[in-house]
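> My questions will all concern the structure given below.
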Amino acid sequence: MEYLLSIVIFFPFMAGLVVFALDDRGAKFFGVSCAMIELVLVAVLCGYFDSSNPSLQFENMFALIPAFGISYHIGIDGVSLTLILLNAIVILLSVMFLHGKTPASHFVACLLLLESILMGVFSAQNLVLFYVFWELSLLPILYMIGVWGSGDKIKAALQFFLYTFFASLIMLVGILYYGFLFFLHFKHFSFELADWLSMPLPPSYQLWLFLAFFIAIAVKIPIIPFHAWLPKAYGNAPTLGSVVLSALLLKMGTYALVRFCLPLFPDASIELSLWILVLGLIMIIYGAMLAYAQTDMKQVIAYSSISHMGVVVLGVFSFTLIGISGAVFMMFAHGIVGAMLFMLVGAFAKRTGSMQIDSVKGVAAVAPIFCAIFGLATMANVGLPLTIGFVGEFLSLLGIFATYPLIALLGGLTIILSAAYMLSLYKRLFFGKADEEQKLAKFSDVDVREKLVLGLFSACVIVLGVYPKPLLTLIDSGVKPMLETMSMRAQNSATKTLLTTLESKQERTLERIKSSSIVSSDSVGELDFAKVDSSIESSSATQADLLFSGEAR
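Under the numbering used here, the residue at position 415 of the sequence shown is numbered 459, and the numbers go up by one with no gaps.
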């Protein structure tokens, strides 16, 4: 098992290179087979992963450029493994869903190469290695949009590339400067995350380095106002291009927040948290309003992604175990539900020849299975209890409630707003006054391929909605050490005080829920992850006072 993680990373890469040489039919069969093998390998990773072990697992390391501290160093914790599992599931089902793209061999190769690159992103423990994987992820999706996209696809591809590439260059400057600071402190270069975490960093340096990372991350998520690339990229991308953009590439940004920004820059994270939380609220409300106003099905789901990622941002910057674990769970949930919805609207548009919502009405009468599956995805996107969408959303808002009760209440608007635009979309597509029979006759119900893929997505939605504990336990094992590291690295005493206060407020919040009739004690017991031995500090007394105001009342 020593090199299992390296095999997981590079097996899809080798498979992707082989696919280029195959004909379309052979490429589809070979691609599905390789993606299935990859999912089995990831399942083996999950089986051998020890959730009780807080350290990195399945580590491999060898020097690439020793003089500059650049190495091939990979390893995973619970957070990494969660997103690796998401990556394997989405790519397999995307290859299975693929139909009608020519040359299919190139499209399958893009999906497999992207899978390999994202496995590297979620496993890299050397910052230069992480940056290389981060930038390489642009190439497959750029090719997908440029070759198989629609409308003004070249402009959309270039806009996506320029936004993300130049924002990432700012992160590269931050990485190189951090490496230089490490050299000044220890007299040798290192870009190892573990080495960087061992070096104290004054709050003034943390602030600027945090911003260098955050700009690249904000464009990738995307956080408003860094979202200008999104409408064209989603609108002009092929269906499966939109699937991987929403389900996987957006998660790179939120993953980097949890993996790098919080533990490396704890004081800066606290100092800027209020501003970032406000941006998260804007994402929730503005994204939902834009989604409601759209007449294009794909744009509704695209802006819905912004709104849901706003909830993830709130959870991450709650600085609580429940909030961050909920945010990571929501990353996984949004990946599943977002991919499912984009496939559904793609299948709908293929039948009608248009992405316009009002292109056909009354479809439920002729396609009941399609209607039922779309309804399940709609409920999951709204966050209906017993679906996968509810768990992460509830925990993220519960976590931020311990820090900023008012922001949690405003963030709760996501439930109302998402119901408004998703139920409106569902009603306009499937119900209302039916179109003439001749027009509806062209709309067929789901075929065998669609039943299989969408059925597997539906199983994930229901199973993890009803029983999320295994995935939450996995996530929790990665979040707890990160919070402890954040506390130990904090330079300001106010940050440590804040983290300690948040722990106690979280416990009291759970006690209130246990005593209420809304959620049973047994259910909350599952949410009460192990207590966090941490203490967070704010970079200023004023910031701490703001956060403590809810406590005083």
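Each residue gets a CB set at the ideal place from its N, CA and C atoms; glycine is no exception. Values in this document were obtained by computation on a predicted structure and should not be read as measured data.
Do Ile366 and Gly427 have their C-beta atoms within less than 7 Å of each other?
no
> Which residues in the same chain as Val63 place their Cβ atom closer than 7 Å to its Cβ, once the five residues preceding and following it in sequence are excluded?
Excluding the 5 residues flanking it on each side, Val63 has same chain C-beta neighbours closer than 7 Å at Ala71, Phe74, Gly75, Ser149, Val152, Ala153, Leu156, in chain order.
> According to DSSP, is Val576 part of a helix, a strand, or is it coil?
Unreliable placement is indicated for Val576, whose pLDDT of 36 sits below 50; no coordinate value is reported for it.
> Among Phe418, Trp252, Leu454, Ile265, which has the Cα closest to the Cα of Val322?
Leu454
> Relative to the alpha-carbon of Cys504, which residue among Gln203, Gly379, Pro266 has its alpha-carbon at the smallest distance?
Gly379
> With the cut-off set at 7 Å, would you say Leu420 and Ser362 are in Cβ contact?
no
> What is the residue span of the alpha helix (DSSP H) that Met215 lies within?
197-230
> Give the secondary structure of Ala256 by DSSP, where H, G and I count as helix, E and B as strand, and everything else as coil.
helix
> State the Cα-Cα distance for the pair Lys342 and Tyr336, rounded to the nearest angstrom.
12 Å
> Which same chain residues end up closer than 6 Å to Leu237 when comparing Cβ atoms and leaving out the 5 residues on each side of it in sequence?
Cβ neighbours of Leu237 within its own chain (closer than 6 Å, five residues either side excluded): Gln169.
> Report buried or exposed for Gly164, applying the criterion of at least 16 other Cβ atoms within 10 angstroms of its Cβ.
buried
> By Cβ distance below 6 Å, which residues in the same chain neighbour Ser50 in space, the five residues on each side in sequence not counted?
Asn104
> Taking the alpha helix (DSSP H) that Ile109 belongs to, which residues open and close that run?
No alpha helix (DSSP H) contains Ile109, which is instead part of the beta strand (DSSP E) from 101-109.
> Going by DSSP, what residues sit across from Asp340 in a beta bridge?
Gln400
> Considering only residues of the stretch 406-448, which uninterrupted alpha helix (DSSP H) runs meet the minimum length of 4 residues and lie entirely inside it, listed in chain order?
412-426, 432-445
> Whole angstroms is fine: what's the gap from Ser160's alpha carbon to Val217's?
25 Å
> May I ask you to report which of helix, strand or coil DSSP gives Glu46?
coil
> Name the one or two DSSP bridge partners that Asn170 has.
Glu236
> Just checking my contact of Leu306 with Met530 at CB under 8 Å: how many whole Å lie between their CB atoms?
5 Å
> Please classify Tyr116: does DSSP put it in a helix, a strand, or coil?
strand
> Given a threshold of 16 other Cβ atoms within 10 Å of its Cβ, counted over all protein chains shown, does Pro269 qualify as buried or as exposed?
With a threshold of 16 other beta carbon atoms within 10 Å, Pro269 falls short and is exposed.
> Please report the residue range of the alpha helix (DSSP H) in which Cys154 lies.
148-165
> Specify the secondary structure class of Ser242 as computed by DSSP and reduced to three states.
coil
> Going by beta carbon distance, what residues of the same chain come within less than 6 Å of Cys415, once the five residues before and after it are set aside?
Ala408, Phe474
> Measure from the alpha carbon of Thr126 to the alpha carbon of each residue in Val523, Thr539, Leu518, Met526, then state which is nearest.
Leu518
> If you count every other CB in all the chains shown that lies within 10 Å of the CB of Ile53, and 16 or more means buried, which is it?
buried
> Which of helix, strand or coil does DSSP assign to Ile380?
helix
> My parser needs the beta strand (DSSP E) runs of 3 or more residues fully inside the stretch 465-513; what are they?
As far as the stretch 465-513 is concerned, it has no whole beta strand (DSSP E) run of at least 3 residues.
> Between the C-alpha atoms of Pro147 and Asp68, what's the straight-line distance to the nearest angstrom?
6 Å
> Taking the Cβ atom as the reference point for each residue, do Phe205 and Leu182 lie within a distance shorter than 7 Å?
For Phe205 and Leu182, yes; Cβs fall inside 7 Å.
> Going by DSSP in three states, Gln535 sits in which element: helix, strand or coil?
coil
> Check for me: the alpha helix (DSSP H) holding Trp192 runs from which residue to which?
182-192
> When you compare the stretch 276-286 with the stretch 309-317, are there three or more beta-carbon pairs, one atom per stretch, that lie closer than 8 Å?
no
> Roughly how many angstroms separate the alpha carbons of Phe392 and Met384, rounded to a whole number?
Whole-angstrom Cα-Cα distance: 12 Å.
> What are the boundary residues of the alpha helix (DSSP H) that Cys90 is part of?
According to the DSSP assignment, Cys90 belongs to the alpha helix (DSSP H) that extends over 68-92.
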